[in-house]
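Numbering (the numbering used here), first residue to last: 162 to 288. Inspection log for the structure reproduced underneath, given as structure tokens.
Right, dumping it as structure tokens:
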């Protein structure tokens, strides 16, 4: 199987989603494209406290936000994972990378953090 490559369009699509979620007041403590060492594809991982309260509501809000983004720069909902801010991968990344609440871009490549093996990550936010 051939691994997917993270391209500029994916990075821009992820950024647009984070900005849209910020616009609607969706609490987002971490957002990143993540390719775990054991995976062959990237997932746009969103960490939100809304997941802890009501995962279905969190998924619905993210789906609605994706629908508001123009087709040419919209991430696929199939590529999005929503997790708790307490997720072990999110916690591991947070130990190494801290960002402001703005939408930035930091690359993490070939990292082992607290037994979490990260092949590649593009981090928009890690607070």
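Note that beta-carbon positions come from the ideal geometry of N, C-alpha and C, so glycine has one too.
- Residue 174 holds the alpha-carbon nearest to the alpha-carbon of residue 206 among 214, 174, 233, 169.
- The continuous beta strand (DSSP E) containing residue 241 extends over residues 241-244.
- Its chain contains 274 as the residues whose beta carbon lies nearer than 6 Å to that of residue 257, once the 5 sequence neighbours on both sides are disregarded; these appear in chain order.
- Among the bridge pairs identified by DSSP, residue 279 is matched with 197, 272.
- With contact defined as three or more Cβ pairs closer than 8 Å, the stretch 234-252 and the stretch 209-216 are in contact.
- Separation of residue 169 and residue 285 (C-alpha to C-alpha, rounded to the nearest whole angstrom) is 14 Å.
- In this structure, the beta-carbon distance from residue 178 to residue 251 does not fall below 9 Å.
- In the three-state DSSP reduction, residue 257 falls in the helix class (H, G or I).
- For residue 178, the enclosing alpha helix (DSSP H) stretches over residues 169-184.
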